[in-house]
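First comes the structure, then the notes that go with it.
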Amino acid sequence: MLLSLSGASGAGKSTALEALRAVDLPERVECVEFDSIGVPPGADTAWRHSAVEYWVRRAVAAQASATHLVLCGQIPLGELLAAPSADRLDGMSVLVLHCSPEVRRSRLRGRGEPEDSLVHHVRFGDWFYRHTLDPTHEPGVIRVDSATPMRWDRWETWQKDDSRWSARLLDTDSLDPDQVARQVESWVREALSREATGPSAT
């Protein structure tokens, strides 16, 4: 099963993932950072397509040893569903962390992000949130030409509130890192419990 802990920069993903690594979970779970494969200079959306497919294949391979993969990164739901190998997953669960523009700016400044980059992070964060809610929201942001044969046809006709377009959203504005970590742990445990009783796609 692939569990995607997603969201734009500054939402709290990496901190939550580190806490999750220290948790004793009931099943075999591998926690990985999307960017751990190395991000080349000039990496763009087309590169991300190939990276998403790489990680989906890793999750498929992990299934053979009854291992679940928690993948932490900026992975739009539409890209994950369109990854060529996504239909080989025995389950998928998506949690998107989100924060307001003001909180995102504050967190990214605290991390030392250049001031002139903040507007881009905020814009992408807003798009990411709206895309998670509605597959028809500006799909052209991710539907670009790439060497990876993305399967956009899997969801290109879906509308807002289609049950197949499924992700949980967690607003982290008023939560401290420990609270976010506990919510993420709860999501993982719930997803694993559902998977134990049947295929999951939430």
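Position one of the sequence shown corresponds to residue -10 (the working numbering), numbered consecutively onward.
Note that beta-carbon positions come from the ideal geometry of N, C-alpha and C, so glycine has one too.
C-alpha gap between residue i and residue j, whole angstroms
i, j, result
"GLY99", "VAL130", "28 Å"
"THR146", "GLN63", "23 Å"
"GLN44", "GLY80", "Rather than Gln, the amino acid found at residue 44 in this sequence is Trp. C-alpha separation (whole angstroms): 14 Å."
"PRO90", "SER135", "30 Å"
"LEU107", "ASP162", "17 Å"
"PRO65", "ALA5", "18 Å"
"HIS57", "PRO15", "11 Å"
"ASP151", "HIS120", "13 Å"
Residues of its chain near residue i, where Cβ-Cβ distance is below 6 Å and the 5 sequence neighbours each way are ignored
i, result
"TRP144", "LEU70, PRO124"
"LYS149", "ASP123"
"ALA75", "VAL45"
"TYR118", "HIS87"
Secondary structure of residue i, DSSP reduced to three states
i, result
"HIS126", "coil"
"ASP157", "In the sequence under discussion, the amino acid at residue 157 is Arg, which differs from the Asp named in the question. ARG157: strand per DSSP, three-state reduction."
"LEU84", "strand"
"LEU14", "coil"
Residue i burial status per 10 Å Cβ neighbour count (16 or more: buried)
i, result
"ARG93", "buried"
"VAL41", "buried"
"HIS109", "exposed"
"ARG37", "buried"
Same chain, Cβ closer than 7 Å to residue i, neighbours up to 5 away in sequence not counted
i, result
"VAL173", "LEU(-6), ALA5, LEU9, LEU84"
"VAL133", "THR34, ALA35"
Close-in-space but distant-in-sequence residues of the same chain around residue i (CB under 8 Å, 5 per side omitted)
i, result
"SER189", "The predicted model places SER189 with a pLDDT of 46, which falls under 50 and marks its position as unreliable, so this point remains unresolved."
Is it true that the region 109 to 128 meets the region 23 to 33, where meeting means three or more beta-carbon pairs spaced less than 8 Å apart? no
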